[in-house]
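S.K.: As you go down the protein sequences, you meet chains G, L, V, S and B in turn. Taking the working numbering, the leading residue of the first sequence gets 4, the next gets one more, and so forth. Taking the working numbering, the leading residue of the second sequence gets -6, the next gets one more, and so forth. Taking the working numbering, the leading residue of the third sequence gets 17, the next gets one more, and so forth. Taking the working numbering, the leading residue of the fourth sequence gets 107, the next gets one more, and so forth. Taking the working numbering, the leading residue of the fifth sequence gets 4, the next gets one more, and so forth. The C-beta atom is built at its ideal place from N, Cα and C for all residues, glycine as well. All values reported here derive from a predicted model rather than from experimental measurement.
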Amino acid sequence: MNIPVDWTVAGPATIVLVGALVALMVDAFYSRRTWLGSGLPASIATVAATAELVRGDASAYPFAFSLVVLIGTLFVVVASNVMNFENAMPPGEYHFLLMSAAAGALLMVSARDLVTLVVALELLSLPSIALVGLRQGDQRAIRSAWTFFLASVVSTAVTLMGVSLLYGVTGTLRYDELADALTVPDVPRSVVSVAVVLTVVGLLFKLGAVPFHLWIPDAYEGGSVMVAGFLSAVSKAAALGALLVLLAVSLPAASDSWQPVVAVVAAVTMTIGNIGALRQDDAIGLLAWSSIAQAGFLLAPAVAVSGPFGLTPAVQYLAVYALANLVAFAALAVLLRLRGSTRLDDLRGLARTDPWMGVPLVFATLTLAGFPPAVIGLVTKYVVIRPVVEDGHVWLGVVMGVNVMLGLAYYLRMIVTLCGRQDGEPYVSPSPPISVRFAKSTVLIGTAALIAVSAWPDLLLSHLP
Amino acid sequence: MSLLYPLLLSSALFGIGLYGVLARRNAVLMLLGVELMLNAVNLNLVAFDAWFADALHTGQVLTLFTIALAASEIGLGLAIVLALFRAVRTVDVDEVGR
Amino acid sequence: DGAGRRRPGARRGGGDGPVIAAALVIPFVVGFGLIVGRRFIDGRRAAWLGAAAMTSSLTLYAVSWEGRGTVSGEIDVPWIESLGARLHLGVTAVSWPFALMTAFIAILCCLWLAVEGTSPALVGLVLVISASSLGVFSSLDALLLFVFFELALVPMWFVIAWWSDGPPDVARRAATRFLLFTVAGSALLLVGIVIAATRGGSLELITIRPDAVAIVLITLGFAVKTPVVPLHTWLPDAHSAAPTVGSVLLASVFLKLGTYGLLVFVGPSDRIGVVAPWLAVAGAAGIVWSALACYVQDDLKRLIAYSSIGHMGFVVLAISTRSDVGVAAAVFGSIAHGLVTGLLFFAAGSMKDRYGTSSMRAIGRGLYGRAPWLAVTFVLAAVASLGLPGLAGFWGEVLSLRAAYEVGEVLTRPVAWTGLGLALLGIALTTAYFVRAIRLVAQGEPVPHEGDRDLVRRELAVMGALVVAVVVLGLAPQLLLDLFEPMSWMAVAR
Amino acid sequence: MGEVVDVVLRCVVVLMAFLTLPLLVGQMEHKAMAHMQSRVGPMAAGGFHGWAQLVADGVKFVQKESITPVAADRRVFELAPAVALVPYLVAMLAVPLGPFFGQGVLIGQDLDVGLFFVLAAMSVGVLGTLMGGLGSGNKYSYIGGMRVAAQLMSYELPMVLAAASVAMLAGTLSLVGIADAFEPWWLLLQLPGLVVFFVAGLAELQRPPFDAPLADAELVMGPLTEYGGMRFAMFLLAEYAGIVVLAALTTVLFLGGWAGPWSDQLGWAWTLLKIVAVSFLVIWARVAYPRLREDQVNVLAWKVLVPLALAQLTLTTLVVVW
Amino acid sequence: MDAYLEQYAAVGAIVVAGVLLATAMLGVNRLMRPQVASRDKLTTYESGVDPVGQGWSQSTVRYYVYAFLYVIFAVDAVFLFPWALVLEQIGHAAAVEMGVFVGVLAVGLAYAWRKGVLSWT
């Protein structure tokens, strides 16, 4: 008996996992506990995995999602150097968990059966939870981790219940066979509906969609900033990828049971996220709530996933969102390190006093808001509204429009604060360590990429599937 | 054997577990609730597997994975509870919260 | 589909190269340069530089004109191929006057700022705002238009919030309210454009086909900007809080973004019937309502702001008729309002510079005696605004009334004539409040004030240019109307 | 009807074995330990070398008063001895004795996952001690209970790993299948596994030198402190039954079960002989080694046995694949 | 399926037998034992002195660490058995895969060891 291994799919994830183990071992046996020691293998593994991914011939959508995951992970790994010399953060565990979660994310978007999906979901979730609570002796982090944990395991259990019911209805867990089995006329529709909705729940949770969103602000603010960045970009990318592939490949026959759910969840998610963000005074809290709202935008094109545009709009939106969010979080991580605060009031006038951090932050925020001159943000908003409208969900399109507006309200507030005149001299750490430069460089590279795709959107749009 | 009984039992277990997670305020009991939910899933899977007489035993395979997942979840959960307990000296979630 | 995108009968613009692109790029580059390099240049020089940039832009627009039946200075290159969006620039008979007026006003704003102590950044912002507005008027692609439309907003926030001559927190609140209202509108606009583009299969402005939902969204989006009553509440505060150039740009240019948008998106649409009655009634109601509001105003800048709402009411009423006359009326009304209100705000700004306030009571009576040229300019602007024949304001109003009288293609007679009646009532009320304003400020026994000082050369130049423009347009309306007579843009477009 | 009789008969046989073999081992412990310590051990009961000593003990236990302390968690406390005892009986069901005069394999019930079944049953048995420790409401018991738990958890893994190694070699989880597949050279190949399994089994049974949970010098009697009379007797019986099951399992897994001359006829005797030999080893270990400290107990598991078991697993894998 | 279940009929029977056995032992005890009530007998044994406080207390975290390791490792060992059965059929690929699996476990153990988790502190 010979069981083939699809290395196109498994290759990158394996490399990332090896990187995780090497990082752990380096940390254990290389006694000088520097952040770089375990970070280096992690970065190398990520780069190697990216190379492997590009070399291989993965199909278009998993490729795109994997690329977002890998680049996001690399970004986080490099920017995390800002936590160097922070005694409460053990570097070995940090990188190990980060890479494990990344491997989970990679597997999740390439999953072709529900077993892999569930395992990958957990491989992503559990290290993420640990990452949030990793900062030793930090009560808030631990509490956040607990909230996150509880929400996560419950949603996983619900998903598993859904999966088991799907199995019960169809007798298979493979996506393609599932799709065929669901087209058989005599499958019990009511059970299928319940099963599908339950299955989707776990992914919606990872995505941070309402009503599974409450862990997000907690986890983002409780954990360290780059962990929040990871959750907001990589974790979301994986969840979205998995969800869309699942809906598009295996559940189109059951679309009448998930489509209304997804549409309503998307609408409610963006609205609640935006309303929550309006009340935030801390930049991280603001981004946390805004990322809930963004999850709604990511989710919305899923209603038309069987349409002519397929997964493309979501992929494109995701890529831009992830990059912008990572830039923003990395910049905030640096600022938190240098100034000890990310409250909006404390960041006032940043674009003037420290343009190398302020301008990227402004540009990233503009991108998230979809506001020129960050044309790419606007264009991707257009890109996600289009399939929704074309598929006939005009009401959802209008809700999206209203939410673009709501989002602008607080994004612009942040921008205006950043560009404003600062009232006093901010506290700035007198001698920023060299490791901060890594994070700064990622911020600048990310911003350069954002500006490039803003100037020439086709650079991104025509290269993503 | 009828498929109905294991399914009923499984639903009941799942419901009890969910109730436990949502209604209990003791962290350890919440973890127990999660365990119940996962085992309800296992029961479901095994029942379906037997019912289909699935040659590949997909259901059993997933059950194995679920067991492992449950273990790692509980491991992580207990670790968090322990850290929580060290920090605030209680496992009552209400007291821990805010 | 390249064939469908081209307008039937349109001739490719003459090969004079990327004139319009240059006309946009120059002010953008200079503007951003001034903002970034604000430490390296003094304000007066910056203002002259800005004026030069805008003059070159105006010149380029002027020379790019190739006749009314075609798209002038057209550039059409792929931009975002996956969306079918193109960098499609060019001016038509409708947009060319708007562009010229914008560039003209921008030059005057720069000149106005050519004083000691001006912030180069303010000049830069003025340039960016103007260039963005020019971009809106020059875009033939809906998405490109939207990008320019949004681009102008944040700079305007800064102009109002930071360079206000009033209390900073009031200014900031007014600026924020302005921003929120407008982005709210533009968000709806975006969805409208998406729907329209999806249904029409193209983002080309000429072929875009909004359906009923889209037309409502798009109308709402532009109605906020125009503003149409009852979406106008951001306007008086923003105008009165803004510095003089800010008020001028807001009134002369920003409001035109709204009317222009209604003209090109809503006007030609065959679904205009969905919104036309509402627009007509709201426009007409705005005329009356703003006139009543003006009558109780003491603050000169607020008064001018409210009067703008009234003028925009005429324009909206004209657009809602969807007739050839209506289009001409709307364009003329917009241009005239830009010039006249610009003049009014410059005059009010002069007074505020002198007396530190725009309260009419505080300025005091008898300005004829204290600062005769200023008083004359103000009065001229006021009578132009109330629509005195022979000045620019007259033609826009009278054409609107005619359009409403002729009912047009989509309105019913009761609606159109209700609008007509309200507009006539509004004209009477407008006359009343402007007469009151003139009496309060210009006439009466002079009470000397330490700030009394007649117009300086700079003010004289700026206002003089506007006075000339107002008089010329008033005496020779065919300069503008010839663009539409006998062949209207409506006919061109379809 | 015949099936029912068959099942009942098997159960009766297993029950008989369960009630006699542990006594045998117990008696052997009394005597062997005594002689190793230069004593003679029980001599009076029953006459010949005190052969009826354990029967007499049983009779004594039956007549003793049963006391449940007020502080105890009553139900847990009273149920614990049964939980400790029954699983070993269940485990014995699946343990094969071997061919019985050419009549096929003598076994309670051949299960296709027999190995799994027995290991699982044994783990449940430890639970009884744990319940006793935690349910007594006694500080000594509690500490002992915690030690039981730690010990159970630490040694379960190497034990399972070592067993997995054998299962892999044999390609089956059926105990009969494993014993059938035995080849003599496995003795050498599986030697580390054998050691790991045996040591881990000792620890699971909390037999000396792994009796830190009971350590009478520090914890009185650990989890059993509060027990007396019949319930204490049940714990004792469970312990010796555990020795039997462990010895049987070691025999079947690692020592070839009934492998030996004339195994078709006398296989059962070979198995019994090996079981007795292994049981003797268990007793010998008690006499020969001092008690391990609690930290040593756990360190031994994680730092010696688990790596050893993993190495054994790797070795076996290589052998199986090549 | 029924043939499969039949195997376990004996298991069920033996469990019942076990329960009966335990009941019988305790029942005989109940019939034959004396009952002499005394308050002192019912107190907790604490080396002859009056018991202090409760029998429940917090135990050290040391135990927890082992519990933790156990849960992780032992449940993963579940996978070993199905794998062990089919190893010969599948051959090298299975060996490599399990090598990876056990390797990860070994790395985890090595890490825990190196970080001093396994030392009794």
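1. With Ala40/B as the anchor, note down where its alpha helix (DSSP H) starts and where it stops.
2. Cα separation between Val113/S and Val120/S?
3. Would you list, in sequence order, the uninterrupted alpha helix (DSSP H) runs of no fewer than 4 residues that lie entirely inside the segment 61 to 92 of chain G?
4. Can you tell me which of the three DSSP states Leu387/S falls into?
5. Assuming contact is defined by CB atoms lying nearer than 7 Å, are Arg399/S and Pro315/S in contact in what I supplied?
6. Counting only C-beta atoms, is Leu45/B closer than 7 Å to chain S at any point?
7. Which of the three DSSP states, helix, strand or coil, is assigned to Ala150/S?
8. Just verifying my parser: in three-state terms, what is the DSSP assignment at Arg27/V?
9. What residue range is occupied by the uninterrupted alpha helix (DSSP H) comprising Pro113/V?
10. Distance, Cα to Cα, Met134/S vs Val351/S?
11. Against Leu159/V, what residues of chain G qualify as contacts under a CB-to-CB distance less than 7 Å, listed in chain order?
12. Ala2/B versus chain G: which residues are under 9 Å apart at the beta carbon?
13. Just the chain B side, please: which residues come within less than 9 Å of Val146/S by C-beta, in chain order?
14. Give me, in chain order, the residues of the same chain whose beta-carbon lies closer than 6 Å to that of Val423/V; leave out the 5 immediate sequence neighbours on both sides.
15. Near Ile418/G, what residues of its chain come up, given a Cβ to Cβ distance below 7 Å and the 5 sequence neighbours on each side ignored?
16. Pull up the CB-CB distance for Leu40/V and Gly151/V, whole angstroms please, since I reckon it's below 8 Å.
17. Which chain L residues are close to Tyr69/B, counting only those with a beta carbon under 9 Å from its beta carbon?
18. At which residues does the alpha helix (DSSP H) containing Ile351/V begin and terminate?
19. Name the two residues that bound the continuous alpha helix (DSSP H) containing Asp286/S.
20. Are the C-beta of Ala46/L and some C-beta of chain G separated by less than 7 Å?
21. So, Gly205/G versus Phe41/L, is the Cβ gap smaller than 7 Å?
22. Report all residues from its chain with a CB closer than 7 Å to the CB of Gly342/V; omit the five preceding and five following residues, and keep chain order.
23. State yes or no: is the beta carbon of Leu24/G nearer than 7 Å to at least one beta carbon in chain B?
24. Measure the Cβ-Cβ separation of Pro(-1)/L and Leu36/L and say whether it is below 7 Å.
25. According to DSSP, which residues form a beta bridge with Ser155/V?
26. Hey, quick one: how far does the alpha helix (DSSP H) through Val266/S stretch, first residue to last?
27. I want to see whether chain B comes within less than 7 Å of Ala195/S, judged by CB atoms only; does it?
28. Kindly indicate which three-state DSSP category Val488/V falls into: helix, strand or coil?
29. Name the DSSP bridge partner or partners of Val519/V?
30. Return the chain-ordered ranges of every alpha helix (DSSP H) run that is complete within the segment 204 to 241 of chain V and spans a minimum of 4 residues.
31. At a Cβ threshold of 7 Å, is Ile93/B touching chain L?
32. Within 7 Å of any Cβ in chain L, is that where the Cβ of Val407/G sits?
33. Name, please, each residue of chain V whose Cβ falls closer than 9 Å to the Cβ of Ala296/G.
34. Based on Cα-Cα distance, which residue from Val399/V, Val483/V, Pro259/V and Val170/V lies nearest to Ala444/V?
35. At 8 Å on the CB atoms, spell out the chain B contacts of Ala72/L, in chain order.
36. Please report the residue range of the alpha helix (DSSP H) in which Leu203/S lies.
M.R.: Reading it off the structure:
1. From DSSP, Ala40/B is part of no alpha helix (DSSP H); its letter is neither H nor E.
2. 11 Å
3. 63 to 82
4. Helix at Leu387/S.
5. no
6. Yes, Leu45/B counts as interfacial toward chain S.
7. Coil, per DSSP.
8. For Arg27/V, the pLDDT reaches just 44, beneath the cut-off of 50, and the residue's location in the model is therefore unreliable, leaving the point undetermined.
9. Here the alpha helix (DSSP H) through Pro113/V covers Ser111 to Trp128.
10. In this structure, the straight-line span from the alpha carbon of Met134/S to that of Val351/S is close to 16 Å.
11. Going along chain G in sequence order, the residues near Leu159/V (Cβ under 7 Å) are Tyr385.
12. Past the boundaries of the shown model lies residue 2/B; chain B is included only from 4 to 124, so the question cannot be answered.
13. Under the 9 Å cutoff, chain B gives no residues; its nearest Cβ is about 30 Å from Val146/S.
14. Closer than 6 Å at the Cβ level, and outside the excluded window around Val423/V, lie Arg429 and Ala432.
15. So the list reads Val365, Thr368 and Leu369, once near-sequence residues are dropped.
16. 6 Å
17. The premise fails here: Tyr69/B is roughly 12 Å from chain L at the closest Cβ pair, so nothing lies under 9 Å.
18. Its alpha helix (DSSP H) spans residues Asp340 to Tyr371.
19. Leu281 to Ala287
20. no
21. no
22. Ala334, Ile335, Ala419 and Gly424
23. yes
24. yes
25. Leu105/V
26. Its alpha helix (DSSP H) spans residues Lys245 to Ala276.
27. Per the sequence shown, the amino acid found at residue 195/S is Leu instead of Ala. Chain B, which has a Cβ nearer than 7 Å to the Cβ of Leu195/S, makes this yes.
28. DSSP places Val488/V in helix when its eight states are reduced to three.
29. Examination of residue 519/V is not possible in this model, given that chain V is present from 17 through 510 alone.
30. 228 to 241
31. For Ile93/B, the answer is no, since every Cβ of chain L falls outside 7 Å of its Cβ.
32. no
33. None at all; the shortest Cβ gap to chain V is about 13 Å.
34. Val399/V
35. Phe71
36. Run containing Leu203/S: none in the alpha helix (DSSP H); it sits in the beta strand (DSSP E), Pro202 to Pro205.
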